[in-house]
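Structure record follows, encoded as structure tokens.
There are 2 protein chains.
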Amino acid sequence: MEAAAAIGALGALAQEHRLAVFRLLVQAGEDGMPAGAIADALGIPNSSLSFHLAQLSRAGLISQERRSRSLIYTADYAAMNALLGYLTENCCAGATCAPDAICGSQDKPVLERKSA
Amino acid sequence: MEAAAAIGALGALAQEHRLAVFRLLVQAGEDGMPAGAIADALGIPNSSLSFHLAQLSRAGLISQERRSRSLIYTADYAAMNALLGYLTENCCAGATCAPDAICGSQDKPVLERKSA
DNA sequence: CCATTATTTCCACATTCATCGAAATGATGG
DNA sequence: CCATCATTTCGATGAATGTGGAAATAATGG
Numbered sequence: 001m002e003a004a005a006a007i008g009a010l011g012a013l014a015q016e017h018r019l020a021v022f023r024l025l026v027q028a029g030e031d032g033m034p035a036g037a038i039a040d041a042l043g044i045p046n047s048s049l050s051f052h053l054a055q056l057s058r059a060g061l062i063s064q065e066r067r068s069r070s071l072i073y074t075a076d077y078a079a080m081n082a083l084l085g086y087l088t089e090n091c092c093a094g095a096t097c098a099p100d101a102i103c104g105s106q107d108k109p110v111l112e113r114k115s116a
Numbered sequence: 001m002e003a004a005a006a007i008g009a010l011g012a013l014a015q016e017h018r019l020a021v022f023r024l025l026v027q028a029g030e031d032g033m034p035a036g037a038i039a040d041a042l043g044i045p046n047s048s049l050s051f052h053l054a055q056l057s058r059a060g061l062i063s064q065e066r067r068s069r070s071l072i073y074t075a076d077y078a079a080m081n082a083l084l085g086y087l088t089e090n091c092c093a094g095a096t097c098a099p100d101a102i103c104g105s106q107d108k109p110v111l112e113r114k115s116a
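As you go down the protein sequences, you meet chains A and B in turn. Going by UniProt numbering, 67 is the number at position 67 of the first sequence; the sequence numbering is gapless. Going by UniProt numbering, 23 is the number at position 23 of the second sequence; the sequence numbering is gapless.
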């Protein structure tokens, strides 16, 4: 992951509602959630939520898929792994917070999961 | 780390110059760098850099210390660890990207033993 | 087809963010 | 003390962000 992508992902998560949405989608798992259910769960007006979903989507952190009448949103684990990897590398590069502190393997992605 | 702090840290890093500054400070290690040297290394005007340093500082990601005439800035590794921990926990909580996937130690956070 | 449902786009507005020259502040050495 | 150096604050400006109601778009079931 290059810096520009990391900045995009960081910015997408750096907002109360968007962080809540992403957390919710992570918990929802691979089945994802329809926009309406997200709005309902978090108490965000539809139009506002749509704006935030677009931001998360543009950052590559979530993906959408239409299922019948609903648009289902799903967290992209690979993107989150890439972000964590970037931060870990750039937090630790040449510095004291040892990569080994994680567990020893630092060029393997943190969460290895299906890719999108 | 609670959500508000995470949002602050994410927002602080979600900017080209600030991310570059933080990376530089991480590389610089515990000795840190004076503001002038940072501005010089990254080609950022003093006043702009000062603004960004304040943002990073307010987010708790860096700390300052006066040494003679210079203000030395240092990356706060603990804060970064806390952020990584928050993201890891909230990426994985109740979902499929298993905590064990990290390395096997599942009750030990990524880089440090700590909870908010 | 059409009524209905689900979601997005449009719009207007207030707020915050980023930029950087110039002036102010703070600290030091001599 | 004061000349000087290092850095911050001030101020003005343009751009981007967040908000939410209302209207538009898309898809389905019947």
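Ideal placement from N, C-alpha and C gives every residue a C-beta, glycine not left out. Because the structure is a prediction, the values reported are computed rather than measured.
Item, Value
"When R69(A), Q55(A), Y73(A) are compared against S63(A), the one with the closest alpha-carbon", "Y73(A)"
"Segments assigned alpha helix (DSSP H), at least 4 residues, entirely inside the UniProt domain \"HTH arsR-type\" (1 to 95) of chain B", "3 to 13, 16 to 28, 35 to 42, 46 to 58, 77 to 92"
"Length of the line joining the Cα atoms of A3(B) and L53(B)", "22 Å"
"Chain A residues whose Cβ lies nearer than 9 Å to that of L87(B)", "L13, M80, L83, L84, L87"
"Neighbour list for L10(B) in chain A, Cβ cutoff strictly below 8 Å", "L10, G11, L13, A14, L19"
"Outcome for Q27(B) when other beta-carbon atoms lying within 10 angstroms are tallied against a minimum of 16", "exposed"
"Closest by C-alpha distance to A59(A), when choosing among L71(A), A75(A), P34(A), I44(A)", "A75(A)"
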